[in-house]
Every structure is written in C-alpha cells, then in structure tokens.
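S.K.: Got a structure here, written out as structure tokens. Questions coming.
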Amino acid sequence: MTRSGFELTPCNYATTMRGIFCQADLTCITSSADSKSIKTIFISLTRICFFSIESVYFLLGFVSMKTKRSWNVKPSKFAVNTVNPIRSIVDNLHINPNAAKSVISLSIGDPTTFGNLQPCPEITSAIVESVTSAEYNGYAPSTGYRKSREAVAEYAFRPDAPLEPEDVILTSGCSHALEMCILGLVNPGQNILIPRPGFSIYKTIAQSMEIETKSYDLLPNLGWQVDLAHMESQIDSQTAAIVINNPSNPCGSVFSKRHLKAIVEVANRNCVPIIADEIYEDFVFRGEEFHPIATLSTHVPILSCGGLTKKFLVPGWRMGWVLIHDRQNIFGKEIRSGLQALSQRIIGSNTIVQGALPSILQDTPETFFEDNIETVQRNAVLAYSILNDVPGLCPVMPKGAMYMMVGIQKTSFSQFKHDMDFVECLMSEQSVFCLPGRCFDYPNYFRIVLTVPEPLMVEACERIKEFCTNHYTLDTPTSSFNTEMLLKNQMPLQV
Ligand SMILES: Cc1ncc(COP(=O)(O)O)c(C=O)c1O
C-alpha cells in the first residue's frame, strides 16, 4: 500500500505538535497493517486524539482570549536591548549652562553643525540633477543600482585590494553597513572584539542581538595604537569578528601600514575576519597616510564599511557601503548571500543619493577634501597648543578624523569624582559641552570635536583653561604626571 492517500491532510499540520502527532499515527497504520478492522480501530483512535487535542486548543484559546481582554503591549526584547551608551550617559548628565556665557558644544560629531563646513557645489548639484532627472524615484535593487555600485567599486579600487561592483553593497549610512556586517557574521552567543576607547555603535548593534562585545585596548602613549597582545588575548573560540576603526572616533588616530599589517597578522593567526570601520577614510592630516586595511591582507577576509558621511560632509544623506574583500574566497557564496538577504530588510538605501553617487565620487575636487582637512588640522593644532599648557590636562594630538581626546589628571582635580562630574561642572560654569570619556568606555578623558569655526575653537579652549585653572588642586604637577604628559605628547605637532 502506498502512503500517498494518508499523507496529504496531515501535512497541513506538519509544523505544529498537533500535526506531527496525527501524521505519525496515520503513517504507522499504513505501514504496518493491512487488515481493514485494525485500520478502522486506529483511525477511530486517531480521531479521538484529534478531537481531544482540538478541544484542548479550543479551551486554551478561550482562556487566552480572556487574558487578552486588557491591553498589555510591551517593547520587544530586541528594542529593550538596543541601548546607545552615548544617549543614556548624556541623558543622565545635568547640563545647565551658565546663562552669562553662550553655549559652545564640542560634543556633536556632525561636521555640518556650525555651517563652516559644507558640501561643495559639485556634490549638491549632483543631487539636484538626480532629483530633476526623475530617474531615481523608484525602488532600486536592495544592494543598490548597478551603476552606483560600479562607481563605488571604481572609487575604492586599489591594485592591492581590487573590487568589482558585486563586492559593493550600498547601505543607509555607515552605521547600517556596520549592522549588516555584524549581523551577517555573528550569531547570538558569539562575540566580537571592539576598540576601547571606541565608537559606541558597535556595542549598541551587538548587544541588541545578544552578541557579546570584548574590548581590546588602544594605547594613548603610542598614538592610540592597538595593544596587540591584549587584542590577541581577547580572542576565543566564539570570536566571530574583529572590529577596527581607522582613522578613529574618538581618538583621531591614524594607523601606520606596519601597525595595520600587525593587526591583520593577529586576525590571520586566529582565523577571524575583520570588520573595518573606515568612515573617516582619507581624513588624515598633512604628512599622514591612510591605508585601507584590505590593501594589507591577502588572506584575512575583510568587510570594509564606509560612506559619504564624513569625507563628503553629508551625514544626513545616509549613504554608506560595505566593501567585500575576500581574495581567498573564505566568505564564499554563503556570506555574500547572507549580506544580500540582510540588505533586503530595508529594501535598499536612498535612491536619489544613489543616482548622484557616480558624479559625487568622480567630480568632487581634491581641493575640497584638502580644505576641510586643513580646517580641522588647524583647529587640532590650536586646541592642542592651548590645552597642553593647562596643568592637569593631557591632550593627545590627533593625526586625522575630527576629534581629540583629552586626559584629565584625577589628582589635579580632586573635587571631581569622575569625567562626568568634570564635564557637568565645565558646562555649568563655562557653557562648554564636551562628551565624557565614559561615552567611549574610557573614563577620565573627555572628547572635543574639531570641526567648529576657529574663533569658537579658541574661545572654547580658553574657557576650558580658565575652568581648569580655577579647579586645579595641586601646586606642582607630580613627577609621574609629568612623565605621563611627556609620553602622551610624543607625537610631533604639525601645522
Ligand atoms: C567611527 C564611526 N563609525 C560610524 C559612524 C556612523 O556613520 P553614519 O552616520 O554614516 O551612519 C560614525 C559617526 O559618527 C563614526 O564616528
């Protein structure tokens, strides 16, 4: 006897306990009995079971219907677990500026805030053309229009890190690219390595998916290079990716070729892929060089995340990308299709910006980038020269990006319990707002942004100086602090 006559109906229940139960029963009958009477008995038994289970379901439904009579809508675990440390720390600060002084906010990593840094005409006219062409109002493929991906592949292509349009996925900003990479490589219960101090979004994305984050230390006295031994010691059997951020927020550090190679070596030795956050690519001060980490790896697969946000000064346009570098085909088809599947969650990034991408990437003049970097570098030099003379402070001269970390010598300011206290009091007395190091998992520092107009930069630093002078509690700096200052300031000051 064949099974076909009995298989159809139960299959409708295959994914429920009930369906499994019925299917098992009927299959058992068909395979083991020929006698009509036995069959009838078994079918009857099955029906009894079927109806009893139906009744239980009915009763359960009735009970649950009753419990649904009142509203009880709760946020999902995913939403509850999504925490941006910067937001929660800043929300808990008591920010009361001194009414007699205008507020200078050195806290926001948005280069457009003050209006002194704006996209150039080539960038804005590319957008105008994209809108007026009416060609980009529909849905694009979720990974992006072919010609936009081609433009990114061409722009990011390096002989040592070749790219095809298929290696590019367009995203809604770099944070979306990072999310896609983390979710594409890591399962709940596994872990990723992240830099400390570091940008908070890695933790925000990971924790929401119950992915553990393990921090590796950056060393302020070595220009915020990675403590390689510490990084390697953090890797375990559950480590699914190492996140690198170069140039760095909040440190403003730029890694040398040699150092990047050493990082790649750690990843290679332990067979862990790299997620490279390179949103500040090329944003390096004169005399420094940016090396995409993918150009230094022949074996380690690398997902590089970038976008228009910082270099092109358009954070609000939300255009980012993932570049897949996988010369040994280690990611293979599986990871690529996983990333593609993830791109379908929001059905692709902004099409108007995608339409403008080829022109933006090809036509933006070099002078635009040079001018922006010069502005930020000049501010870095000014801020450093003022803050470095302030007893109790220990600024670390950046080499790129848009930020500077400033150490607070705790013993010099015994009145303050920690960096949060320090920034709150600075705001209430001097109306200068900086983010406490805690936002980057690095207490006893504060971060300043360097994209403000020059007069404001000077004014803000002078006020910080006045504040520190008023609260300084040591007559002479301790010798250990002097040594610390010397070590931290070993990077040459460039104008
Ligand atoms: C290091 C770093 N990565 C990623 C991002 C997010 O970039 P986007 O605005 O393109 O999502 C930022 C934004 O400040 C950042 O500083």
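Under full-length UniProt numbering, the first residue of the sequence shown is numbered 1, with each subsequent residue one higher. Where is the CB? At the ideal position from N, CA and C, for every residue including glycine. For clarity, every value in this text was computed on a predicted model and none was experimentally measured.
Three or more C-beta pairs closer than 8 Å, one from the region 247-257 and one from the region 290-302: is that the case here?
M.R.: At 8 Å Cβ cutoff, the stretches touch.
S.K.: Pick helix, strand or coil for residue 442, following the three-state DSSP scheme.
M.R.: In the structure shown, residue 442 sits in coil (DSSP, three-state: anything other than H, G, I, E or B).
S.K.: Can you list, in chain order, the stretches of the alpha helix (DSSP H) that have 4 or more residues and sit fully within the region 182-226?
M.R.: Those alpha helix (DSSP H) runs which fall completely within the region 182-226 and span 4+ residues are 201-208.
S.K.: Measuring only between beta-carbons, confirm whether residue 301 sits less than 8 Å from chain B.
M.R.: Considering every chain present, this structure includes no chain B. It has just one protein chain.
S.K.: Considering only DSSP beta bridges, list what residue 321 is partnered with.
M.R.: Answer is 170, 306, bridged to residue 321.
S.K.: Beta carbon of residue 199: closer than 7 Å to some heavy atom of ligand 1?
M.R.: Yes.
S.K.: For residue 91, verify whether its CB is less than 7 Å away from any heavy atom of ligand 1.
M.R.: No; taking the cut-off as 7 Å, the Cβ of residue 91 has no heavy atom of ligand 1 nearer than that.
S.K.: Shorter than 7 Å, the distance from the beta carbon of residue 174 to the closest heavy atom of ligand 1, or not?
M.R.: Indeed, a heavy atom of ligand 1 lies less than 7 Å from the Cβ.
S.K.: Quick check for students: name the residue ranges of the beta strand (DSSP E) that lie wholly in the region 401-462, counting only runs of 3 or more.
M.R.: Correct list: 403-408, 445-449.
S.K.: Would you check if the region 161-174 and the region 207-219 touch, i.e. whether three or more CB-CB distances between them fall below 8 Å?
M.R.: No, they do not touch.
S.K.: Are the region 388-408 and the region 437-448 touching, with three or more C-beta to C-beta distances below 8 Å?
M.R.: Touching, per the Cβ criterion.
S.K.: From the DSSP output, in three-state form, read off residue 235 for me.
M.R.: Three-state DSSP puts residue 235 in coil, outside helix and strand.
S.K.: Does residue 6 pass the burial test, meaning 16 or more other C-beta atoms within 10 Å, or should it be called exposed?
M.R.: Residue placement at residue 6 is poorly supported in this model, since its pLDDT is 28, which falls under 50; the coordinates still yield a value, given next. Buried: at least 16 other Cβ atoms inside 10 Å.
S.K.: Ordered along the chain, which non-local residues of its own chain (more than five positions away) have a Cβ less than 8 Å from that of residue 472?
M.R.: Counting only Cβ-Cβ distances below 8 Å, and skipping sequence neighbours, we find 391, 392, 412, 413.
S.K.: Using the Cβ count rule (16 or more neighbours within 10 Å means buried), how would you classify residue 325?
M.R.: That one is buried.
S.K.: Starting from residue 396, trace the beta strand (DSSP E) both ways and give me its first and last residue.
M.R.: That run of the beta strand (DSSP E) goes 393-396.
S.K.: Counting only runs that start and end within the region 89-141, where is the alpha helix (DSSP H) found for 4 or more residues in a row?
M.R.: Fully enclosed alpha helix (DSSP H) runs of 4 or longer: 121-132.
S.K.: Shorter than 7 Å, the distance from the beta carbon of residue 307 to the closest heavy atom of ligand 1, or not?
M.R.: Yes - ligand 1 has a heavy atom lying nearer than 7 Å to the Cβ of residue 307.
S.K.: Per DSSP, residue 274 is paired with what?
M.R.: DSSP lists 242, 302 as partners of residue 274.
S.K.: How big is the Cα-Cα spacing for residue 146 and residue 368?
M.R.: Spanning the two alpha carbons is a distance of roughly 27 Å.
S.K.: Since residue 360 is in the alpha helix (DSSP H), which residue starts that stretch and which ends it?
M.R.: Where residue 360 is concerned, the enclosing alpha helix (DSSP H) stretches over 351-363.
S.K.: Mind checking who residue 327 pairs with in its DSSP beta bridge?
M.R.: In the DSSP output, where bridge partners are listed per residue, residue 327 has none listed.
S.K.: Residues in its own chain within less than 6 Å of residue 204 by CB, not counting five upstream and five downstream?
M.R.: Within the same chain, residue 204 has close Cβ partners 84.
S.K.: Evaluate residue 246 with the Cβ neighbour count: other Cβ atoms within 10 Å of its Cβ, from every protein chain shown; 16 or more gives buried, anything less gives exposed.
M.R.: It is buried - the Cβ of residue 246 has at least 16 other Cβ atoms within 10 Å.
S.K.: What three-state label does DSSP hand residue 158 in the structure shown?
M.R.: Residue state, collapsed to three classes: strand.
S.K.: When you compare the region 114-121 with the region 135-155, are there three or more beta-carbon pairs, one atom per stretch, that lie closer than 8 Å?
M.R.: Output reads no: the region 135-155 does not touch the region 114-121.
S.K.: Using 8 Å as the threshold, is the region 80-97 in touch with the region 418-432, meaning 3 or more CB pairs across them?
M.R.: With a cut-off of 8 Å, the region 418-432 and the region 80-97 count as touching, because enough Cβ pairs lie within range.
S.K.: Does the Cβ of residue 103 have 16 or more other Cβ atoms within 10 Å, making it buried, or fewer, making it exposed?
M.R.: With fewer than 16 Cβ atoms within 10 Å of its Cβ, residue 103 is classed as exposed.
S.K.: Using alpha carbons as the reference points, say which of 193, 381, 333, 278 lies closest to residue 450.
M.R.: Closest option to residue 450, Cα to Cα, is 381.
S.K.: Could you name the residues that DSSP lists as bridge partners for residue 264?
M.R.: DSSP output for residue 264 lists no bridge partner at all.
S.K.: Would you mind sorting residue 377 into buried or exposed? The rule is 16 or more other CB atoms within 10 Å of its CB.
M.R.: Buried: at least 16 other Cβ atoms inside 10 Å.
S.K.: Under the DSSP definition of a beta bridge, which residues are partnered with residue 83?
M.R.: Beta-bridge pairing links residue 83 to no other residue.
S.K.: Considering Cα atoms alone, identify which of 456, 416, 462, 400 is closest to residue 224.
M.R.: Here the closest residue by C-alpha is 400.
S.K.: Residue 193 and residue 239: beta carbons closer than 8 Å?
M.R.: A contact, by the Cβ cut-off of 8 Å.
S.K.: Residue 253 to residue 70, Cα distance in whole Å?
M.R.: Cα to Cα, the separation comes out at about 55 Å.
S.K.: Taking buried to mean at least 16 other C-beta atoms within 10 Å of its own C-beta, is residue 351 buried or exposed?
M.R.: It counts as buried.
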